[in-house]
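Colleague: 4 is the number that UniProt numbering gives to position 4 of the sequence shown; each next residue is one higher, with no gaps.
Sharing a structure, written as structure tokens. Questions coming.
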Amino acid sequence: MKGIILAGGKGTRLYPVTISVSKQLLPVHDKPMIYYPLGALMLAGIRDILVITMPRDRPLFEELLGDGSQLGLSISYAEQSEPNGLAEAFIIGREFVGNSPVALILGDNIFYGAGLPELCREAAARKSGATIFAYRVDDPERYGVVSFNSRNGRAEIIEEKPRRPNSSWAVTGLYFYENSVLDVAATIRPSARGELEITDVNRAYLDRGDLHVCRLGRGYAWLDTGTHDSLHDAASFVRTIEHRQGVKIMCPEEIAFELGYVSADQVLERAALLGKNEYATYLQRRIRELADA
1 MKGIILAGGK GTRLYPVTIS VSKQLLPVHD KPMIYYPLGA LMLAGIRDIL
51 VITMPRDRPL FEELLGDGSQ LGLSISYAEQ SEPNGLAEAF IIGREFVGNS
101 PVALILGDNI FYGAGLPELC REAAARKSGA TIFAYRVDDP ERYGVVSFNS
151 RNGRAEIIEE KPRRPNSSWA VTGLYFYENS VLDVAATIRP SARGELEITD
201 VNRAYLDRGD LHVCRLGRGY AWLDTGTHDS LHDAASFVRT IEHRQGVKIM
251 CPEEIAFELG YVSADQVLER AALLGKNEYA TYLQRRIREL ADA
């Protein structure tokens, strides 16, 4: 399976902070925002990743992530000149995806919880259809919303930002698809907002009875960092967990080592390049702990 991180958009809800820089490059506590979706794809076992950015921001992402080799990955880049909708990622990334299944994650989404790697790997291993993740929220009208049949628990309605939501289950920004999503996305027409909606892609799978919905219940956190308040909340959440437990959330160097993509020496070399700071010190300490375990 290949992975796409959609890190485009103008981030207007975060103006003036994002006038000159992509919101996915902003810090969420101690890491650039894009590290969190990158880590989620890595936990799913995905190593071939396409980052889609605005043309203005591409050089900055390339400087930050390079070709991915320092993490045992292969990272390439493509451009989305205008925010034309999430489903456009499959049109832009069609050549990259080729004949493979594909996962899409939004560059401003943060996932956390015990068992998350297993859920992602299970979704990645599914041979047919699409898998999406739902999370209960207080303000579902801000998101795509999925409703379930009260008798059998199956998804039966999926809507984009409904005025009167039928449920409190928001569709998160992490999606797994078989290869036919490329053709599905090619048939989608712009919505009233002028965008190619990912909800329309998911509805196509729902209509043919091939949409799997995994509900993230208690014990999981899903954070959307699209506003000033939610960005602050995400940073506070990450800081609280990391300070309490002494381990970092979605640290790609640590994940790469634990998955066997890189050696301890490679991580220590990376830490040395990062200089004298808390993040580099953590890498040195944590890798030695893991190597000695």
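Beta carbons are placed, not taken as given, at the ideal position from N, Cα and C, and that holds for glycine.
Any chance the CB of Asp30 is under 7 angstroms from a heavy atom of the ligand GTP?
Modeller: With respect to the ligand GTP, the structure offers nothing, as it holds no ligand at all.
Colleague: Taking Ile49 as the reference, give the member of Pro83, Pro59, Thr12 and Ala7 with the closest Cα.
Modeller: Residue mapping note: residue 49 aligns to position 49 of the sequence shown, counting from 1. Nearest option by C-alpha distance: Ala7.
Colleague: Taking Phe133 as the reference, which of Pro162, Thr199, Ile287 and Leu274 has the closest Cα?
Modeller: Against the sequence shown, residue 133 aligns to sequence position 133. Selected option, being the one with the closest Cα: Thr199.
Colleague: With a cut-off of 8 angstroms on the beta carbons, I'd call Ile92 and Ile52 a contact; round off their distance for me.
Modeller: Counting from 1 along the sequence shown, the entry for residue 92 is found at position 92. Counting from 1 along the sequence shown, the entry for residue 52 is found at position 52. Yes, Ile92 and Ile52 are in contact; Cβ-Cβ is about 6 angstroms, under 8 angstroms.
Colleague: In the DSSP assignment, the beta strand (DSSP E) including His29 goes from what residue to what residue?
Modeller: As a first step, residue 29 must be located in the sequence shown, where it is residue number 29. Careful: His29 lies outside any beta strand (DSSP E) and carries neither H nor E.
Colleague: Can you tell me the Cα-Cα spacing of Ser20 and Thr225, whole angstroms?
Modeller: By one-based count along the sequence shown, residue 20 stands at place 20. By one-based count along the sequence shown, residue 225 stands at place 225. Rounded to the nearest angstrom, the two C-alpha atoms are 18 angstroms apart.
Colleague: When we look at the beta-carbon of Lys2 and count the other beta-carbons within 10 Å, is it buried (16 or more) or exposed?
Modeller: Locating residue 2 in the sequence shown gives position 2, where the first residue counts as 1. So Lys2 counts as buried.
Colleague: Taking C-alpha atoms, which residue in Cys251, Arg203, Glu141 and Phe61 lies nearest to Tyr112?
Modeller: Here residue 112 refers to the residue found at position 112 of the sequence shown. The shortest Cα separation from Tyr112 among Cys251, Arg203, Glu141 and Phe61 belongs to Cys251.
Colleague: In whole angstroms, what is the alpha-carbon distance linking Asp30 and His243?
Modeller: On the sequence shown, residue 30 is found 30 positions in, with the first residue counted as 1. On the sequence shown, residue 243 is found 243 positions in, with the first residue counted as 1. Whole-angstrom Cα-Cα distance: 11 angstroms.
Colleague: Let me confirm a value: Lys276 is counted as buried when at least 16 other C-beta atoms fall within 10 Å, else exposed. Which label applies?
Modeller: What you label residue 276 is simply residue 276 of the sequence shown in a count that begins at 1. Classification for Lys276: exposed.
Colleague: Can you give me the C-alpha to C-alpha distance between Val171 and Tyr143, rounded to a whole angstrom?
Modeller: Position 171 of the sequence shown holds residue 171. Position 143 of the sequence shown holds residue 143. Rounded to the nearest angstrom, the two C-alpha atoms are 7 angstroms apart.
Colleague: How far does the alpha helix (DSSP H) with Ile198 in it extend, from its first residue to its last?
Modeller: Against the sequence shown, residue 198 aligns to sequence position 198. Counting along the chain, the alpha helix (DSSP H) containing Ile198 begins and ends at Ile198 to Asp207.
Colleague: Runs of 3 residues minimum, wholly inside the stretch 154-180: which ones carry the beta strand (DSSP E) assignment?
Modeller: Within the stretch 154-180, the complete beta strand (DSSP E) runs of at least 3 residues are 155-160 and 169-177.
Colleague: Once the 5 residues before and after Gly9 are set aside, which same chain residues still bring their CB inside 6 angstroms of it?
Modeller: As a working mapping, residue 9 is identified with position 9 in the sequence shown. Excluding positions up to five away in sequence, the list reads Pro83.
Colleague: For Val17, does the count of other Cβ atoms within 10 angstroms reach 16, so buried, or fall short, so exposed?
Modeller: If you number the sequence shown from 1, residue 17 lands on position 17. Looking at its Cβ environment, which holds fewer than 16 other Cβ atoms inside 10 Å, Val17 is exposed.
Colleague: Measure the Cβ-Cβ separation of Val181 and Ala123 and say whether it is below 8 angstroms.
Modeller: Here residue 181 corresponds to residue number 181 of the sequence shown, with the count starting at 1. Here residue 123 corresponds to residue number 123 of the sequence shown, with the count starting at 1. Taking 8 angstroms as the Cβ cut-off, Val181 and Ala123 do not qualify as a contacting pair.
Colleague: Rounded to whole angstroms, what is the Cα-Cα separation between Asp57 and Ser22?
Modeller: Position 57 of the sequence shown, counting from 1, holds the residue named residue 57. Position 22 of the sequence shown, counting from 1, holds the residue named residue 22. Each residue's Cα considered, the two are about 6 angstroms apart.
Colleague: Ser100 and Asp210 look like a contact to me (Cβ under 8 angstroms); what is the Cβ gap, rounded to whole Å?
Modeller: The residue you call residue 100 lines up with position 100 of the sequence shown. The residue you call residue 210 lines up with position 210 of the sequence shown. Not quite, the Cβ-Cβ distance comes to about 18 angstroms (not below 8 angstroms), so this is no contact.
Colleague: Using DSSP with H/G/I as helix, E/B as strand and the rest coil, what is Val21?
Modeller: For this step, residue 21 is matched to residue 21 along the sequence shown. Three-state result, Val21: coil.
Colleague: With DSSP as the reference, label Tyr279 as helix, strand or coil.
Modeller: Here residue 279 refers to the residue found at position 279 when the sequence shown is read from its first residue. DSSP places Tyr279 in helix when its eight states are reduced to three.
Colleague: Measuring alpha carbon to alpha carbon, tell me which of Ile157, Pro117, Ala272 and Ala264 ends up nearest Leu290.
Modeller: Mapped onto the sequence shown, residue 290 falls at position 290. When only C-alpha atoms are compared, the closest one is Ala264.
Colleague: Along the chain, where does the alpha helix (DSSP H) that runs through Tyr112 open and close?
Modeller: By 1-based counting over the sequence shown, the position of residue 112 is 112. Not the alpha helix (DSSP H): Tyr112 falls in the beta strand (DSSP E), residues Asn109 to Gly113.
Colleague: If you reduce the DSSP assignment to three classes, tell me which class Glu122 lands in.
Modeller: Mapped onto the sequence shown, residue 122 falls at position 122. Looking at Glu122 - three-state DSSP - the assignment turns out to be helix.
Colleague: Here's a check: name, in chain order, each residue in its chain whose Cβ is nearer than 8 angstroms to the Cβ of Leu116, leaving out the five neighbours to either side.
Modeller: The residue labelled residue 116 in the question sits at position 116 within the sequence shown. Taken in chain order, the residues that qualify are Ala40, Leu43 and Tyr220.
Colleague: Helix, strand or coil: which one does DSSP assign to Leu182?
Modeller: Your numbering for residue 182 matches position 182 in the sequence shown. Reduced to three states, the DSSP call for Leu182 is helix.
Colleague: Report the option in Gly153, Ile157 and Ser230 whose CA atom is closest to the CA atom of Pro27.
Modeller: Reading the sequence shown from its first residue, position 27 is the one you call residue 27. The candidate whose alpha carbon is nearest that of Pro27 is Ser230.
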